[in-house]
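Read the structure below first, then the notes.
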Amino acid sequence: MGRAQRPYYVPVGNEEQVFTAAFRQGLPVVLKGPTGCGKTRFVQAMAYDLDRPLVTVACHDDLTTADLVGRFLLRGGETEWVDGPLTRAVREGAICYLDEVVEARQDTTVVLHPLADHRRQLPIDRLGLTVDAAPGFCLVVSYNPGYQSVLKDLKDSTRQRLVAIELGFPPPDVEEKIVAHEAGVDPDTAAGLVTLGQAIRRLETPGLREVASTRVLITAGRLVSEGLAPRAAARAAVAGPLTDDPVVTAGLVQMIDAYLGENLAPGSA
Ligand SMILES: Nc1ncnc2c1ncn2[C@@H]1O[C@H](COP(=O)(O)OP(=O)(O)O)[C@@H](O)[C@H]1O
Ligand SMILES: [Mg+2]
1 MGRAQRPYYV
11 PVGNEEQVFT
21 AAFRQGLPVV
31 LKGPTGCGKT
41 RFVQAMAYDL
51 DRPLVTVACH
61 DDLTTADLVG
71 RFLLRGGETE
81 WVDGPLTRAV
91 REGAICYLDE
101 VVEARQDTTV
111 VLHPLADHRR
121 QLPIDRLGLT
131 VDAAPGFCLV
141 VSYNPGYQSV
151 LKDLKDSTRQ
161 RLVAIELGFP
171 PPDVEEKIVA
181 HEAGVDPDTA
191 AGLVTLGQAI
201 RRLETPGLRE
211 VASTRVLITA
221 GRLVSEGLAP
231 RAAARAAVAG
241 PLTDDPVVTA
251 GLVQMIDAYL
261 GENLAPGSA
């Protein structure tokens, strides 16, 4: 069977080289960057390039150690151990991506610690055993800087082994390419949306910078690809979700009207 296509990812800096080097050295990776800037897509592309399975865990605030490691479940009157995603990744030598690890409960550090340090081992207390990570296992965590993080509870010696990769929003020329590709819109439409996004990110309004993400611009582009005029698409996909404040909304609508030209659907001119 042939391999699937590489997930579409356009590098912004040297992140692919840094990730590859960390992977080869068995070092854990931290991806820092705002929501919607390409962290998940980047890991998917790297898993493809390095030919490793990818196990993704979307963290949330009551994610427990058992959710990661596994638990005994009752199956037809018998109790049976079922590996959690982290254990599966450790055994298979997969890339394990803990998405938004900030959300995880502090006690999960206990299992992440020996995996992240030189031991590369996962202790499974309930089974009374310790599993050595298979070659190819790589722990990747993402987080949004500025939040409380379980990472801050790691020992300094472990933190110092982490390889950090900062992923910001791509520069305009790259972001235009991405929006055009992902939304299936023409280069001019993509450029208009990106110019708008960049302008919103320059505003001082707290919180707005982050939310005018690449993902949001792609969503607007997808509406345009369905025939919506760019202005209408941006109102629905950019202004609407970003804020509930009527004053801020009015300001955004003005920007949309200024940056996105005429309110015509593509092909309707
Ligand atoms: N550098 C990039 N190359 C290709 N696509 C990108 C890139 N950055 C962002 N994207 C697009 O933006 C969307 C949101 O990115 P995602 O990886 O889900 O963000 P995050 O995980 O940081 O929240 C992706 O689905 C992808 O379409
Ligand atoms: Mg993500």
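Letter 91 of the sequence shown, counting from 1, is numbered 91 in full-length UniProt numbering, and no numbers are missing. No residue lacks a Cβ here, since even glycine has one placed at the ideal position from N, Cα and C. Computed from a predicted structure; not experimentally measured.
Worksheet item: Tyr-48 lies in the alpha helix (DSSP H); which residues open and close that run?
Response: Counting along the chain, the alpha helix (DSSP H) containing Tyr-48 begins and ends at 39–49.
Worksheet entry | Coarse secondary structure for Arg-222, derived from DSSP in three states | Correct three-state label for Arg-222: helix.
Worksheet entry | For Phe-23, three-class secondary structure by DSSP | Annotated three-state conformation of Phe-23 is helix, per DSSP.
Worksheet item: Can you tell me where the beta strand (DSSP E) with Lys-32 in it begins and where it stops?
Response: Element bounds for Lys-32: 29–32.
Worksheet entry | Option nearest Pro-11 by Cα separation, candidates Phe-42, Gln-5, Gln-25, Arg-119 | Taking only the C-alpha atoms, the option nearest Pro-11 is Phe-42.
Worksheet item: Closer than 7 Å: is that where the CB of Ile-178 sits relative to any heavy atom of ligand 1?
Response: Using a cutoff of 7 Å, the CB of Ile-178 counts as near ligand 1, since one of the ligand's heavy atoms is closer than that.
Worksheet entry | Distance between beta carbons of Ala-183 and Arg-222, contact taken as under 8 Å | Yes, Arg-222 and Ala-183 are in contact; Cβ-Cβ is about 5 Å, under 8 Å.
Fill in: N- and C-terminal bounds of the alpha helix (DSSP H) containing Val-179
Looking at the DSSP string, the run of the alpha helix (DSSP H) that includes Val-179 is 172–183.
Practice prompt. Tell me whether Phe-72 is buried or exposed, calling it buried when 16 or more other Cβ atoms sit within 10 Å of its Cβ.
Written response: Exposed is the call here.
Practice prompt. Take Glu-92 and list the residues in its own chain whose beta-carbon comes closer than 7 Å to its own, dropping the five residues that flank it on each side.
Written response: Same-chain partners within the cutoff: Pro-53, Ala-134.
Fill in: Segment contact, 8 Å Cβ cut-off, at least three pairs: the segment 156–172 with the segment 25–43
Yes, they touch.
Worksheet item: Rounded to whole angstroms, how far is the Cβ of Arg-215 from the Cβ of Gly-77, which I believe are closer than 8 Å?
Response: So it is not a contact: roughly 46 Å between Cβ atoms.
Practice prompt. Report the residue from Leu-74, Leu-260, Ala-89 whose alpha carbon sits nearest the alpha carbon of Ala-232.
Written response: Shortest Cα-Cα distance from Ala-232 to any of Leu-74, Leu-260, Ala-89 involves Leu-260.
Worksheet entry | Delimiting residues of the alpha helix (DSSP H) encompassing Gly-197 | Boundaries of the alpha helix (DSSP H) around Gly-197: 187–202.
Worksheet item: Can you pull every residue whose C-beta falls closer than 6 Å to some heavy atom of ligand 2, listed in chain order?
Response: Screening all residues for a C-beta within a distance smaller than 6 Å of any heavy atom in ligand 2 leaves Lys-39, Thr-40, Asp-99, in chain order.
Fill in: contact_flag[the segment 51–65, the segment 106–126] where n(CB pairs < 8 Å) is 3 or more
A contact exists between the segment 51–65 and the segment 106–126.
Worksheet item: The alpha helix (DSSP H) with Glu-92 in it runs from where to where?
Response: Per DSSP, Glu-92 belongs to the alpha helix (DSSP H) from 85–92.
Worksheet item: What are the boundary residues of the beta strand (DSSP E) that Ala-164 is part of?
Response: Taken as a continuous stretch (DSSP letters only), the beta strand (DSSP E) holding Ala-164 covers 163–166.
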